[in-house]
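Peer 1: Line by line, the protein sequences are chains D and B.
Note that this note's numbering has the first sequence beginning at 1, numbered continuously upward.
Note that this note's numbering has the second sequence beginning at 1001, numbered continuously upward.
Using N, Cα and C, we set each Cβ at its ideal position, and we do this for glycine too.
These numbers come from a predicted model, not from an experiment.
Quick one: structure below, then a few questions.
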Amino acid sequence: MTTAVQPFAGTYHADPVHSSFGFGVLYSGTGKFRGTLDDVSATLTAGDDGVVLAGAARVESISIREPEMFRAHVLGGEFFDAENHPEVKFRSTKVDLAEDGTARVEGELTIAGTTRSVAAAGTWREPVDAAGGGLRAGLELATVIDRRDFGFDWQMELPSGGEALAYDVTLEIDLQLVQREEG
Amino acid sequence: MRVLAISGSLRRDSHNTRLLRAAAEMLPPGVELVRFDGLPDVPPYDEDLDGDLAPAGVQALREAIEDADALLISTPEYNASIPGVLKNAIDWASRPFPDNALRDKPVAVVGASTGLFGAVWAQAELRKALRHTGAHVLDDELPVGTADHAFTPGGKLLDPELNRRLADLLDQLTREVRAPLELAS
C-alpha cells in the first residue's frame, strides 16, 4: 500500500523547453507514428483543496509540418478541426501523488470540442531547488484514449485487411514544473 | 538477368525513382536493373492508334518489357490509386491481349509516398491491373511511407526492416525468373 503525500504549495508552471506532450498511434498494423504538440502550457496549483493540474496545447503546433496534405488532413474536420477548436485542454478532477513516486491523475480532456473523462498514470519527482533559483519538480503521465471518443473516426481498410490507423492513441505528457521565487 | 524498372512518377526528384535506385544497389549478382524513362512519350491510349504500327513511344515500352526478364514498378499514390500515366502505359502494354509483352512476366510492385501509408492502396491497384494483363505479379508489397525522410543522403533506405523487405522482394523476383530454368534442369 502506498501513502499519499502532498509536497507542493502554490503554483507551478510547466517549463516549455523541458516539457513535452506526445502522442503515438499504430498505423498499417506494424509501425507506430509519433508526434508532439509543441506549444503547451500547464500549471499545477496546490491549495487547501489539494492539487489541480490544468493545461492546454495549441493544435497548430503539432509536429506534422509536411507534407502539406498530411498536415491539412490532421488539422481538418476528420481529426482536430483546428479552425474551430484551436486548443486541446485538460483539467484534473483528482491528483494522487504517492510516496513511492507513482502518480495518478483523473480529469476532463477536451479535444476538438469534445470533453471526456480520462485517467492517466505515471511518476512524479518532488520539488527541489533549481539551478536558476526557485523550485523544480517533475510529473510524467501516460494514458491511452480511443480516438473515436473525440470524433476522430477516420479509417481505411488496408489492401491486405485490417485497419490503416489504430483507434487507440497513446498520450505521453512529461512536465517539468517550475515555481519561481516571488519578487 | 535484366530487370526493367519503371517509376510511376515523372518528377525529377521522385521518391519512387529514388526507391528504384536503392533497389538497383541491392540486386543479387548477375542481375542488372535497367530504368525505363520513356513514360512521357507514351500517348493516351487510343484504339485507333493501336494498329500494326504502334506509336514510337509505345513500341519502345513494349520492346523494353519484352527484352526484360522481370519488371520492378514503383508507384506513388494519387487519389488512392495509381497515376494515370502509369495506368495508361499498362493499358498499352496489355495489348494485343492475351499475347502481350506482359504475359507471364514476373513483376514486383513497390511504392513510396510522403504520407504514412507508403502508397499501399496504389500498390494494390497496380497489382490488380497487372494481374489482369496476364503478368505474373508477386503478392508482396513494399510501402515506403513518409518518403521525405525515408532515404539516406546516399539514397539508401534508412529503415532496416524496409531494406530487408526490399531485398526479399528482389530475391523473390529473380527466383521467379530462374524457377523455370531450375525446374527444367
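Considering only residues of the region 69–146 of chain D, which uninterrupted alpha helix (DSSP H) runs meet the minimum length of 4 residues and lie entirely inside it, listed in chain order?
Peer 2: As far as the region 69–146 of chain D is concerned, it has no whole alpha helix (DSSP H) run of at least 4 residues.
Peer 1: Going by CA-CA distance only, name the one from B:Gly1038, B:Asp1140, B:Ser1009, B:Arg1095 that's closest to leucine 1173 of chain B.
Peer 2: As a first step, residue 1173 of chain B is located in the second sequence; it is residue number 173 there, counting from the start. The shortest Cα separation from leucine 1173 of chain B among B:Gly1038, B:Asp1140, B:Ser1009, B:Arg1095 belongs to B:Asp1140.
Peer 1: By the DSSP assignment, the beta strand (DSSP E) with histidine 18 of chain D in it spans what residues?
Peer 2: Position 18 of the first sequence, counted from the first residue, corresponds to residue 18 of chain D. Looking at the DSSP string, histidine 18 of chain D is not in any beta strand (DSSP E), and its letter there is neither H nor E.
Peer 1: Determine, using beta-carbon pairs with one atom in the region 1113–1120 of chain B and one in the region 1144–1152 of chain B, whether at least three such pairs fall under 8 Å.
Peer 2: Cβ pair count under 8 Å is three or more, so yes.
Peer 1: Given a limit of 8 Å on CB to CB distance, which residues of the region 1133–1156 of chain B reach chain D?
Peer 2: Flagged, chain order: Glu1141, Pro1143, Gly1145, Asp1148.
Peer 1: Roughly how many angstroms lie between the CA atoms of alanine 1005 of chain B and leucine 1033 of chain B, to the nearest whole one?
Peer 2: Within the second sequence, residue 1005 of chain B is the residue found at index 5, counting from 1. Within the second sequence, residue 1033 of chain B is the residue found at index 33, counting from 1. Rounded to the nearest angstrom, the two C-alpha atoms are 6 Å apart.
Peer 1: Quick one: Cα of serine 1009 of chain B to Cα of leucine 1086 of chain B, how far?
Peer 2: Locating residue 1009 of chain B in the second sequence gives position 9, counting from the first residue. Locating residue 1086 of chain B in the second sequence gives position 86, counting from the first residue. Their Cα atoms are separated by approximately 8 Å.
Peer 1: For a quick check, are the C-beta atoms of glutamate 1055 of chain B and proline 1043 of chain B less than 8 Å apart?
Peer 2: Position 55 of the second sequence holds residue 1055 of chain B. Position 43 of the second sequence holds residue 1043 of chain B. With the sequence shown as reference, residue 1055 of chain B is identified as proline, and glutamate is not the correct amino acid for it. For proline 1055 of chain B and proline 1043 of chain B, yes; Cβs fall inside 8 Å.
Peer 1: Helix, strand or coil: how does DSSP classify glycine 183 of chain D here?
Peer 2: In the first sequence, counting from the first residue as 1, residue 183 of chain D sits at position 183. Low local confidence applies: a pLDDT of 46 at glycine 183 of chain D is under 50, so the model's placement there is unreliable, and no value is given.
Peer 1: Report yes if the CB atom of serine 1094 of chain B is closer than 8 Å to the CB atom of threonine 1133 of chain B, and no otherwise.
Peer 2: As a working mapping, residue 1094 of chain B is identified with position 94 in the second sequence. As a working mapping, residue 1133 of chain B is identified with position 133 in the second sequence. Yes, they are a contact pair.
Peer 1: For chain D, find out if any of its Cβ atoms is closer than 8 Å to the Cβ of valine 1107 of chain B; answer yes or no.
Peer 2: Here residue 1107 of chain B refers to the residue found at position 107 of the second sequence. No - not a single Cβ of chain D is within 8 Å of the one on valine 1107 of chain B.
Peer 1: Please list the partners that leucine 75 of chain D has in chain B, where partner means a Cβ-to-Cβ separation under 8 Å.
Peer 2: Indexing the first sequence from 1 puts residue 75 of chain D at position 75. Within 8 Å Cβ-Cβ: nothing; leucine 75 of chain D doesn't reach chain B, min ~14 Å.
Peer 1: For the alpha helix (DSSP H) holding valine 1110 of chain B, just list the boundary residues, first then last.
Peer 2: Here the question's residue 1110 of chain B lines up with position 110 in the second sequence. Not the alpha helix (DSSP H): valine 1110 of chain B falls in the beta strand (DSSP E), residues 1106–1112.
Peer 1: Given this structure, state the Cα-to-Cα distance separating tryptophan 1121 of chain B from phenylalanine 70 of chain D, to the nearest angstrom.
Peer 2: Along the second sequence, read from residue 1 onward, the residue named residue 1121 of chain B stands at position 121. Along the first sequence, read from residue 1 onward, the residue named residue 70 of chain D stands at position 70. Near 16 Å, if we compare the C-alpha coordinates of phenylalanine 70 of chain D and tryptophan 1121 of chain B.
Peer 1: What residues of chain D sit near glycine 1115 of chain B, judged by a beta carbon separation below 8 Å?
Peer 2: On the second sequence, position 115 is the one that residue 1115 of chain B refers to. Near glycine 1115 of chain B (Cβ distances below 8 Å), the residues of chain D are Pro67, Met69, Phe70.
Peer 1: Can you list the beta strand (DSSP E) stretches of 3 or more residues lying completely in the region 1017–1057 of chain B, in chain order?
Peer 2: If we require 3 residues or more, the beta strand (DSSP E) runs fully inside the region 1017–1057 of chain B come out as 1032–1036.
Peer 1: Can you pull the chain B neighbours of leucine 158 of chain D, defined as C-beta to C-beta under 9 Å?
Peer 2: On the first sequence, residue 158 of chain D is found 158 positions in, with the first residue counted as 1. Correct list: Phe1117, Val1120, Trp1121, Ala1124.
Peer 1: Using three-state DSSP, classify glutamate 66 of chain D as helix, strand or coil.
Peer 2: By 1-based counting over the first sequence, the position of residue 66 of chain D is 66. Here glutamate 66 of chain D sits in coil by DSSP.
Peer 1: Does chain B have any CB closer than 8 Å to the CB of tyrosine 167 of chain D?
Peer 2: Position 167 of the first sequence, counted from the first residue, corresponds to residue 167 of chain D. No, tyrosine 167 of chain D lies away from the interface with chain B (no Cβ there is under 8 Å from its Cβ).
Peer 1: Quick check: the region 110–124 of chain D against the region 84–93 of chain D, are at least 3 beta-carbon pairs closer than 8 Å?
Peer 2: Taking 8 Å as the limit for Cβ pairs, the verdict is that the region 110–124 of chain D does touch the region 84–93 of chain D.
Peer 1: Name the DSSP bridge partner or partners of phenylalanine 1151 of chain B?
Peer 2: The residue labelled residue 1151 of chain B in the question sits at position 151 within the second sequence. For phenylalanine 1151 of chain B, which the question treats as bridged, DSSP gives the partners B:Leu1157.
Peer 1: Between the region 170–181 of chain D and the region 151–161 of chain D, can you find at least three pairs of beta-carbon atoms closer than 8 Å?
Peer 2: Short answer: they don't touch.
Peer 1: Go ahead and label leucine 1186 of chain B buried or exposed: buried means 16 or more other beta carbons lie within 10 angstroms of its beta carbon, across all protein chains shown.
Peer 2: In this structure chain B extends from 1001 to 1185, so residue 1186 of chain B is not present and cannot be described.
Peer 1: Within a Cβ cutoff of 6 Å, which residues of the same chain sit near leucine 981 of chain B, ignoring the five residues on either side of it in sequence?
Peer 2: Nothing in the structure corresponds to residue 981 of chain B, since chain B is present only between 1001 and 1185.
Peer 1: So which residues on chain B does phenylalanine 80 of chain D lean against when the C-beta distance must stay under 9 Å?
Peer 2: Walking along the first sequence from the start, residue 80 of chain D turns up at place 80. Residues of chain B passing the Cβ test: none, with the nearest at roughly 16 Å.
Peer 1: Classify arginine 136 of chain D: buried if its beta carbon has 16 or more other beta carbons within 10 angstroms, exposed otherwise.
Peer 2: What you label residue 136 of chain D is simply residue 136 of the first sequence in a count that begins at 1. The residue is buried, with at least 16 neighbouring Cβ atoms inside 10 Å.
Peer 1: Around the Cβ of proline 1029 of chain B, are there at least 16 other Cβ atoms within 10 angstroms (buried) or fewer (exposed)?
Peer 2: In the second sequence, residue 1029 of chain B corresponds to position 29, counting from 1. Classification of proline 1029 of chain B: exposed, given that the 10 Å Cβ count is below 16.
Peer 1: Just curious, the alpha helix (DSSP H) that leucine 158 of chain D is in, first and last residue?
Peer 2: The residue given as residue 158 of chain D occupies position 158 in the first sequence. No alpha helix (DSSP H) contains leucine 158 of chain D, which DSSP labels as neither H nor E.
Peer 1: Can you list the residues of chain B that phenylalanine 21 of chain D reaches, using a CB-CB cut of under 8 Å?
Peer 2: On the first sequence, residue 21 of chain D is found 21 positions in, with the first residue counted as 1. The premise fails here: phenylalanine 21 of chain D is roughly 20 Å from chain B at the closest Cβ pair, so nothing lies under 8 Å.
Peer 1: Could you tell me whether the Cβ of phenylalanine 152 of chain D comes closer than 8 Å to any Cβ of chain B?
Peer 2: Here residue 152 of chain D corresponds to residue number 152 of the first sequence, with the count starting at 1. Not an interface residue.
Peer 1: Which residues in chain B have a C-beta closer than 7 Å to the C-beta of phenylalanine 33 of chain D? List them in chain order.
Peer 2: One-based indexing of the first sequence puts residue 33 of chain D at position 33. Here the neighbours are Leu1116.
Peer 1: With a threshold of 8 Å between beta-carbons, can serine 63 of chain D be considered close to chain B, or not?
Peer 2: On the first sequence, residue 63 of chain D is found 63 positions in, with the first residue counted as 1. False, the Cβ-Cβ gap to chain B never drops below 8 Å.
Peer 1: Please look up how many angstroms separate the CB atoms of leucine 141 of chain D and alanine 103 of chain D, rounded, as I've assumed it's under 8 Å.
Peer 2: Position 141 of the first sequence, counted from the start, is the residue given in the question as residue 141 of chain D. Position 103 of the first sequence, counted from the start, is the residue given in the question as residue 103 of chain D. Contact holds; Cβ gap of about 7 Å.
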